[in-house]
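Heads up: the structure comes next, in C-alpha cells.
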Amino acid sequence: MVSGKNLFSKILQAFKGKTEERPQQEESGHADSHNAMSNSGDGSYVRIIDDGDGVINVLLEVEHDKVLELGDRLGEINEAAYMNGYNWDALIRHYLKNNAPDILEAMDTDPEAGLYDAYFKESDANRDKAKRLADMLTSLIDNEQELCRIVREEGDKINWG
Numbered sequence: 450m451v452s453g454k455n456l457f458s459k460i461l462q463a464f465k466g467k468t469e470e471r472p473q474q475e476e477s478g479h480a481d482s483h484n485a486m487s488n489s490g491d492g493s494y495v496r497i498i499d500d501g502d503g504v505i506n507v508l509l510e511v512e513h514d515k516v517l518e519l520g521d522r523l524g525e526i527n528e529a530a531y532m533n534g535y536n537w538d539a540l541i542r543h544y545l546k547n548n549a550p551d552i553l554e555a556m557d558t559d560p561e562a563g564l565y566d567a568y569f570k571e572s573d574a575n576r577d578k579a580k581r582l583a584d585m586l587t588s589l590i591d592n593e594q595e596l597c598r599i600v601r602e603e604g605d606k607i608n609w610g
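Numbering (my numbering), first residue to last: 450 to 610.
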C-alpha cells in the first residue's frame, strides 16, 4: 500500500483536479497516453488514481454534498447507517459480496471518516475492476433508490462500523 503521506498527497491532487497526463508503458514497451487520475460520472466525488506506483486507488469523497445528502437519507432509514467512510466500506462490501464478488476479492480498503479508499494491486485485470467499481459507485449514488432499498431491507445484515 502507499504510505500515508503519499496517499494523502494523491488524494489532495485527485480532488483538487491537479492531475497530469503521464505516459504509461504498455507490455509491448510502447507508451500510451493514460490519465494518471480519471473521473467517473461527474467526477466530483468518485476518482480513480492510477499513476504507476503499483497500486490503483478508487476514492469516494464521503464529504461531497451529494454523498452527504444520500448518507443522511440512509441514516434516516437505518440509524446504524451513519455514513462515514467506515460505514460506506461496510455498505459497499455488502453490495459487492452480492453483486460483484470478483471485485471484492481483488481489493483492499482503507476507509477514513471522510473518505472511502478501495485499492488494487496494479494489473490490467485490476484496472478493469477498479473502473467497474468506480462506475458502480457513481451509478449507485446517482440512482440512490438501490442503496436505500438495501439499507431498508438488508441493513440488519450489514456489519456497520
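Don't be surprised by glycine CBs; every beta carbon is placed ideally from N, CA and C.
Computed from a predicted structure; not experimentally measured.
Subject >> beta strand (DSSP E) segment containing residue 510, residue limits >> reply: For residue 510, the enclosing beta strand (DSSP E) starts and ends at 504-510.
**OP:** Determine contact between the segment 582-590 and the segment 508-524, defined as no fewer than three beta-carbon pairs at a distance below 8 Å.
**Re:** Yes: the two stretches touch, three or more of their Cβ pairs being nearer than 8 Å.
Original post:
Where do the ends of the beta strand (DSSP E) carrying residue 556 lie?
Top reply: For residue 556, the enclosing beta strand (DSSP E) covers residues 556-558.
Original post:
What residue from 537, 561, 548 and 581 has the CA that sits closest to residue 497's CA?
Top reply: Per the Cα distances, 581.
Original post:
Got a sec? Which residues, its chain only, sit under 7 Å from residue 605 by beta carbon, not counting five neighbours each side?
Top reply: The beta carbon of residue 605 sits closer than 7 Å to none of the beta carbons in its chain outside the five residues before and after it.
Original post:
If we call anything under 8 Å between Cβ atoms a contact, is residue 537 one with residue 568?
Top reply: Pairing residue 537 with residue 568 gives a Cβ-Cβ distance that is not under 8 Å.
Subject >> Exposure of residue 573, with buried meaning 16 or more beta-carbon neighbours within 10 Å >> reply: In summary, residue 573 is exposed, with fewer than 16 beta-carbon neighbours lying within 10 Å of its beta-carbon over all protein chains present.
Subject >> Rounded separation between residue 609 and residue 509 - CA only >> reply: CA-CA distance, residue 609 to residue 509, rounds to 17 Å.
Original post:
Is residue 599 near residue 531, with beta carbons less than 8 Å apart?
Top reply: Contact: no.
**OP:** Between the Cα of residue 527 and those of 500, 558 and 540, spot the shortest distance and give me the residue it belongs to.
**Re:** Comparing Cα-Cα distances from residue 527 to each of 500, 558 and 540, the minimum goes to 540.
Original post:
Rounded to a whole number of angstroms, what is the C-alpha to C-alpha distance between residue 583 and residue 548?
Top reply: Distance between the alpha carbons of residue 583 and residue 548: 14 Å.
Original post:
Straight-line CA distance for residue 506 to residue 542?
Top reply: Answer to the nearest angstrom: the Cα atoms are 16 Å apart.
Original post:
What does a CB cutoff of less than 6 Å around residue 556 pick up in its chain, not counting 5 residues either side in sequence?
Top reply: If you ignore the 5 residues before and after residue 556, its C-beta comes within less than 6 Å of the C-beta of 567 and 569, all in its own chain and listed in chain order.
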